[in-house]
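Since the structure comes first, as structure tokens, the remarks are kept for the end.
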Amino acid sequence: MPQQQQQRVCTPMVVVAFVIGCQVAVMVMHAGRHDAHVAREGASWRPSDFAAPAVPLPTERSAADSTQQKTTLSAAEEELIQGLPTAAERAEARKIFEERLQGPLAFGNALESSVEDDDEADSIPDFYGKPAILGLERCAAFRETTSEFRRAATAGLFNTGTNLLTNLVRKNCVVDKACPEKMPQKQKMAMMARGECIGYPFQVPWGKHNPLHFRGRHVVDRLDHFNISEVLPAVLVKDPLTWARSMCRTPYAARFGRGSCCPSPLDPNRLRAMRNVTVNFKKGFPMERYAHLLDFWNSWYAQYYNTAIPRLIVRYEDLLFAPKRTVRAVCECVGGKLRRDFDSFSDAAKFGRGHGGGDGTGRASALSRYASEATRYANLDENDLAFYTKSAHPDLVDRFHYEADDARRRAVDSKACPS
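Count the sequence shown with the numbering used here and you get residues 91 to 509, in order.
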């Protein structure tokens with residue numbers, strides 16, 4: 091092909107690059123919006139800083155305001171389109187601009203227009219009660235006071251399903267200002283630096299397993315461009331009894347003594363080795379110390395439970411048995427919309443080995459395991475359940491239906507460890 095003709099060839103990718111480049115002058119430099127006042131590791135904190143005062147919520151926008159949106163291209167956009175040399179290039183550029191006007195709705199039939207998954211709640215085992223997500227009442231205020239760059243990000247203790255929630259939301263939730271999925275990372279980072287899009291955070295910027303008091307004191311690598319005030323923590327919580335058993339198998343950064351029937355005895359007075367759980371969450375930070383496993387669970391979740399910042403606390407059991415319903419709640423809280431072809435990540439590789447997702451054996455195995463009340467009480471005796479009832483955080487146990495009953499343990503013929 092003659093050189094003169096080659097210069098006239100323009101692929102859709104070139105058009106995209108041209109359009110994006112021409113908008114740089116009018117785009118908001120979102121990367122520069124990261125909290126300049128974020129204190130680093132030397133800042134002081136107190137657990138009482140996370141108490142939840144009464145905070146009045148902003149008033150909702152009127153229906154008219156919320157439905158108003160730009161419906162025509164600007165004169166500058168039309169001028170850019172007309173400046174392209176060929177009809178094909180002009181058509182491609184116009185398509186890009188018009189789709190941006192529509193936001194997530196540009197996906198059309200790929201997104202759901204109605205809720206069709208209420209029957210998922212029937213799959214949750216009876217002993218866990220109805221679905222329970224804490225914090226939905228704060229979603230409207232969060233959307234009202236943040237920009238289109240807001241995102242949900244996962245947090246949770248070890249062995250609670252954090253990888254699973256991250257995968258499900260990232261795959262199934264469509265949000266504004268999302269970076270193109272298949273774009274090379276270098277180009278994607280350049281777009282993010284110009285404030286043209288923002289990626290999906292694979293965890294909260296202060297570290298998904300770290301306690302909430304790390305917020306504002308630590309930033310995970312590659313997440314420093316997120317404005318933490320526009321990140322909604324979606325916190326995974328898991329039944330303390332099944333979580334303790336998972337911790338016995340895979341303790342991660344936690345250090346504690348484990349007997350042959352771990353997690354029994356739950357009461358450290360019955361086995362001295364079970365005392366003093368220590369966790370080194372991050373090098374350079376003080377080691378955290380807890381009296382026992384339940385104290386670890388109580389203390390970690392109490393910070394998210396008591397905080398006044400917007401957050402969701404999501405049960406792992408809801409995510410496992412009713413994934414579509416649960417992911418929809420997280421997605422809609424940040425103003426997103428669920429894809430119609432929901433991907434529940436049934437295979438082991440995507441399900442999340444070692445993060446509460448069935449230890450790498452896939453969703454089917456996890457469903458079988460956590461649907462069994464006998465498995466829930468396995469190796470525990472009446473003394474364990476008495477200590478659990480006395481020691482587990484009463485508000486969290488009540489809100490998430492994590493009560494334990496020795497009569498139920500005996501009824502399902504769950505075997506305790508031999509004395």
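Even glycine gets a Cβ: it sits at the ideal position worked out from N, Cα and C.
All values derive from a computational prediction rather than experimental measurement.
What residues match up with residue i in a beta bridge as DSSP calls it?
i: ILE403; result: LEU224, VAL325
i: VAL420; result: VAL420 pairs with nothing; no bridge assigned.
i: TYR380; result: VAL367
i: ASN510; result: Any property of residue 510 remains undetermined from this structure, which presents the chain solely from 91 to 509.
i: ILE214; result: In the DSSP output, where bridge partners are listed per residue, ILE214 has none listed.
i: CYS263; result: LEU428
i: THR244; result: ALA324
i: ARG345; result: THR368
i: ALA231; result: According to DSSP, ALA231 bridges with nothing at all.
i: ALA268; result: ILE288
Are residue i and residue j close, meaning C-beta to C-beta below 8 Å?
i: LEU255; j: LEU326; result: yes
i: GLY246; j: LEU409; result: no
i: LYS272; j: CYS287; result: no
i: ILE403; j: GLY219; result: no
i: TYR395; j: ASP329; result: no
i: ALA177; j: ALA242; result: no
i: PHE248; j: TYR342; result: yes
i: HIS56; j: ALA392; result: There is simply no residue 56 to check, as the chain begins at 91 and stops at 509 in what is shown.
i: PRO301; j: TRP390; result: yes
i: ASN262; j: PHE432; result: yes
i: PRO355; j: ASP474; result: yes
i: GLU463; j: PHE217; result: yes
i: ALA461; j: SER436; result: no
i: THR236; j: GLN293; result: no
i: GLY297; j: LYS373; result: no
i: PRO295; j: ILE318; result: yes
i: ARG401; j: HIS382; result: no
Would you please state the rounded distance, in angstroms, between the beta carbons of residue i and residue j? I believe it to be under 8 Å.
i: GLY425; j: VAL265; result: 7 Å
i: GLU493; j: VAL502; result: 14 Å between Cβ atoms; not a contact.
i: VAL310; j: ALA344; result: Actually they do not touch by this definition, with Cβ atoms about 19 Å apart.
i: GLU407; j: ILE214; result: 6 Å
i: ALA419; j: ILE223; result: 5 Å
i: ARG405; j: PHE490; result: 6 Å
Please confirm whether any heavy atom of the ligand GDP lies closer than 7 Å to the CB of residue i.
i: ASP266; result: As for the ligand GDP, it is missing from this structure, which has no ligand bound.
| said: Under 8 Å: do the stretch 380 to 390 and the stretch 225 to 238 share three or more Cβ pairs, one atom per stretch? | reply: no
| query | Do the stretch 411 to 427 and the stretch 327 to 342 make contact, defined as three or more Cβ pairs closer than 8 Å? | reply | no
| message | Check whether the stretch 357 to 365 and the stretch 289 to 305 touch, using three or more Cβ-Cβ pairs below 8 Å as the test. | response | no
| Three-pair Cβ contact test at 8 Å for the stretch 299 to 307 versus the stretch 453 to 467 | no
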